[in-house]
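Residue numbering for the sequence shown follows the working numbering, starting at 412 and increasing by one per position.
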Amino acid sequence: MVETLLDVQNLSIYTQKPIVENLTFTLRAGEMLAVIGRSGSGKTLMMTSFLGLNEQIKITGDIYLQKTKLPIHSTQTKDWQQIRGKKIAYIFQDPKQTLNPLHTIKKAFWVIFKQTNVPRRQRLEYIHQLLAQVGLFVPLNRYPHQLSGGEAQRLAIALALAFNPVLIIADEPTSSLDDKHSQDILTLFQKLANDGRTVVIISHQTQYLQNFHQILWLKDNTFILGNYNYILQQLPQIDFGMPPSWRNDNDIVLQIQNLTLGYKKPWQGRQPPIVKNFSLNIQHQQIVGLAGNSGAGKSSIAKAITRLDDDLWIKGDIFLLQDKRYICLTKLSKQKMSIYRPKIIWVMQDITDSLNPNLLIYHSIFESFFAKNLSFEREEIDEFFDLLGLSKTVLWRYPHQLSGGEQSRIVLLRALFSKPSLLILDEPTAMLDNQTTLQVINLLKTINQKLKIAMLIISHDTKMLTAMCHKIVYI
């Protein structure tokens with residue numbers, strides 16, 4: 412019989428409210444546990460406490476790893492030195508944010524090897540072994556920004572395996588990936604479990620739960636623990652609805668003709684195109700979905716439309732309807748493009764990067780408008796706040812004092828003050844559970860109907876796109 416690897420006894424975790432109380436479960440070597448729950452339910456907070464990474468929580472109970480009691484009541488590095496990374500590997504939510512952008516793949520491994528006993532002459536061979544184990548076959552001189560989302564995720568897993576941990580905790584490893592790449596990553600974790608490791612995956616995506624031995628659902632400050640069939644019976648069924656009404660004879664707001672694009676590298680010039688001969692029309696008030704596999708170039712098209720990346724080379728034409736005439740954006744200088752950029756607002760995937768952590772929300776929203784001597788009527792400001800369900804008290808807070816949902820709405824609010832003709836939303840529901848996704852869908856539908864704004868929604872979530880979009884384009 413396979414012995415117990417992880418033993419959790421009467422675990423309770425509190426912030427201002429309980430995250431979980433009296434949680435008890437065991438995992439054997441080779442088993443997989445999924446931790447699910449709504450956004451903000453405390454999934455990450457609970458699992459990072461297994462490594463003593465939270466100072467702002469109160470924790471009671473005990474956790475044993477291979478029959479050794481973990482020092483969960485301590486946040487001192489010295490108490491965790493032989494555990495973090497070595498016995499328990501934690502793979503954080505966005506690997507591109509946690510990987511050092513200045514380190515190549517080889518350098519990233521070299522930094523880790525300084526803490527291991529791997530002989531220098533064997534390190535290169537070991538790197539290739541680890542990368543082969545996760546199915547990543549790319550040049551070792553690549554940087555994180557040169558990797559697709561799936562490749563970055565595989566690299567993060569390979570780095571975690573360097574210490575040969577017995578327990579792997581992965582936080583939302585598939586949230587920004589399309590179905591194919593998500594299945595590939597989950598198959599990889601199943602392989603690691605089959606090799607004898609215990610795997611815990613934090614997720615809000617309930618469609619991938621079939622192969623887990625146990626599922627822990629954090630719900631309303633309590634928990635439900637069971638197998639797939641039991642949890643499936645408890646989960647609510649959510650209908651995302653249908654796209655909002657729209658007339659098919661409106662003016663074309665944005666027209667893309669035969670767009671081909673790729674990236675430029677210093678001293679190497681133009682790289683091969685990642686998008687070829689792409690064309691698209693978006694009409695006034697129309698919602699268009701842009702879908703495709705991870706790395707297909709969806710976000711690069713958004714960069715081309717907004718002209719926000721100097722490393723992008725563009726061939727083809729992009730026209731914006733402005734004052735009843737079409738402006739060719741691809742032929743504008745940087746200075747002239749800045750005139751029209753407020754009419755095309757791109758809400759990027761990582762909301763936290765869109766708000767300056769050192770500025771009050773008030774300044775984040777209004778500073779650019781003050782610089783341009785723009786003013787707003789109080790009624791107009793009130794309308795936008797009411798539309799997004801925000802209290803004006805958020806104006807006097809910093810980003811870290813807001814929930815993820817509040818930050819998302821703040822970024823949308825700032826976008827609406829520009830009175831854009833087109834709103835580009837990059838993976839607006841990628842990190843959200845189904846219930847929160849439904850709230851975002853309904854909010855975007857309301858904005859579309861009340862403000863008559865055209866939208867381009869980039870996503871790999873075809874269920875969400877079907878509920879939102881009048882047209883879906885696949886690349």
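Glycine included, each C-beta is placed from N, C-alpha and C at the ideal position.
Worksheet entry | valine 549 - DSSP class collapsed to helix/strand/coil | Valine 549: coil per DSSP, three-state reduction.
Discussion item. List, from N- to C-terminal side, the alpha helix (DSSP H) runs of 4 residues or more that fit wholly inside the segment 576 to 664.
Written reply: As summarised for the segment 576 to 664, the continuous alpha helix (DSSP H) elements at least 4 residues long and confined to that stretch are 590 to 605, 639 to 645, given in chain order.
Worksheet item: Within 6 Å: the Cβ of aspartate 660 and any heavy atom of the ligand FAD?
Response: Ligands are entirely absent from the displayed structure, and the ligand FAD is therefore not among its contents.
Item to complete: Output yes or no for whether 7 Å exceeds the beta carbon distance between tyrosine 639 and leucine 670.
Response: Their beta carbons are not under 7 Å apart, which means tyrosine 639 does not touch leucine 670 by this criterion.
Worksheet item: What residue ranges within the segment 751 to 807 form continuous beta strand (DSSP E) runs of no fewer than 3 residues, ordered along the chain?
Response: For the beta strand (DSSP E) assignment, the uninterrupted runs of no fewer than 3 residues enclosed by the segment 751 to 807 are, from N- to C-terminal side, 755 to 758.
Worksheet item: Unbroken alpha helix (DSSP H) runs of length 4 or more, entirely within the segment 848 to 883: which are they?
Response: Whole alpha helix (DSSP H) segments, 4+ residues: 873 to 879.
Worksheet item: In this structure, does DSSP put phenylalanine 574 in helix, strand or coil?
Response: Coil, per DSSP.
Fill in: Other residues of its chain near glycine 496: CB distance less than 6 Å, five sequence neighbours each side excluded
Non-local C-beta neighbours of glycine 496 in its own chain, meaning closer than 6 Å and more than five positions away in sequence, comprise Phe574, ordered along the chain.
Discussion item. Taking the straight line between their C-alpha atoms, what separation do you get for tryptophan 657 and isoleucine 693?
Written reply: Straight-line Cα distance between these residues: approximately 12 Å.
Worksheet item: Closest to threonine 415 by CA distance: which of Gln477, Pro683, Ala826 is it?
Response: The residue from Gln477, Pro683, Ala826 with its alpha-carbon nearest to that of threonine 415 is Gln477.
Fill in: Residues near serine 485 by beta carbon distance below 7 Å, same chain, minus five either side
The beta carbon of serine 485 lies closer than 7 Å to those of Gly463 in the same chain, with the five residues before and after it left out.
Practice prompt. May I have the straight-line CA-CA distance separating leucine 836 from isoleucine 868, to the nearest angstrom?
Written response: Roughly 5 Å separates the two Cα atoms.
Worksheet entry | Cutoff 7 Å; reference leucine 823; Cβ partners in own chain excluding five residues on either side | These residues qualify, in order along the chain: Val758, Leu799.
Discussion item. Output needed for alanine 563: all residues of its chain with C-beta closer than 8 Å, excluding positions within five of it in sequence on either side, in chain order.
Written reply: Correct list, in chain order: Pro506, Lys507, Leu510, Pro555.
Worksheet item: In three-state terms, what does DSSP make of arginine 532?
Response: Note: arginine 532 maps to helix in three-state DSSP.
Worksheet item: So, is methionine 899 buried or exposed, given that buried needs 16 or more other C-beta atoms within 10 angstroms?
Response: Outside the displayed range of the chain (412 to 886) lies residue 899, so it cannot be described from this structure.
Item to complete: Could you check if valine 413 is buried or exposed, using at least 16 other CB atoms within 10 Å of its CB as the buried criterion?
Response: It counts as exposed.
Worksheet item: Can you tell me whether DSSP reads glycine 560 as helix, strand or coil?
Response: In this structure, DSSP gives glycine 560 a helical state, which the three-state scheme calls helix.
Worksheet entry | Complete runs of the alpha helix (DSSP H) confined to the segment 684 to 746 [at least 4 residues] | Whole alpha helix (DSSP H) segments, 4+ residues: 709 to 717.
Discussion item. So, does the segment 606 to 614 touch the segment 576 to 589, judging by three or more C-beta pairs under 8 Å?
Written reply: Touching, per the Cβ criterion.
Worksheet item: Touching or not, the segment 633 to 649 and the segment 842 to 861, by the rule of three or more beta carbon pairs under 8 Å?
Response: The segment 633 to 649 vs the segment 842 to 861: in contact.
Item to complete: Mind checking which residues open and close the beta strand (DSSP E) that includes glutamine 526?
Response: Counting along the chain, no beta strand (DSSP E) covers glutamine 526, and no H or E run does either.
Worksheet entry | Supposed close pair leucine 570, phenylalanine 651 - CB separation, criterion 8 Å | Not confirmed; about 36 Å, so no contact.
Item to complete: Quick one: residues in its chain with C-beta nearer than 7 Å to the C-beta of arginine 681, no 5 flanking neighbours on either side, listed in chain order?
Response: Correct list, in chain order: Gly673, Lys675, Trp724.
Practice prompt. Report all residues from its chain with a CB closer than 8 Å to the CB of asparagine 421; omit the five preceding and five following residues, and keep chain order.
Written response: Taking asparagine 421 as the centre and dropping the five residues before and after it, the same chain places the C-beta of Asn433, Leu434, Thr435, Thr471, Gly472, Asp473 closer than 8 Å to its C-beta, in chain order.
Worksheet item: How big is the Cα-Cα spacing for leucine 542 and phenylalanine 548?
Response: Roughly 7 Å between the two C-alpha positions.
Worksheet item: Distance, Cα to Cα, isoleucine 667 vs alanine 713?
Response: When the Cα atoms are used, isoleucine 667 and alanine 713 turn out to be separated by approximately 11 Å.
Fill in: Closest by C-alpha distance to lysine 709, when choosing among Phe503, Asp589, Ile447, Pro677
Nearest C-alpha to lysine 709: Asp589.
Discussion item. Rounded to the nearest angstrom, what separates phenylalanine 828 and isoleucine 762 at their Cα positions?
Written reply: Each residue's Cα considered, the two are about 17 Å apart.
Fill in: Same chain, Cβ closer than 7 Å to lysine 498, five either side skipped, listed in chain order
Once the five neighbours on either side are set aside, the close Cβ partners of lysine 498 are Leu476, Pro576, Val577, Leu578.
Discussion item. Do lysine 469 and tyrosine 425 count as a contact pair if the criterion is CB distance below 7 Å?
Written reply: Using a Cβ distance threshold of 7 Å, tyrosine 425 and lysine 469 count as a contacting pair.
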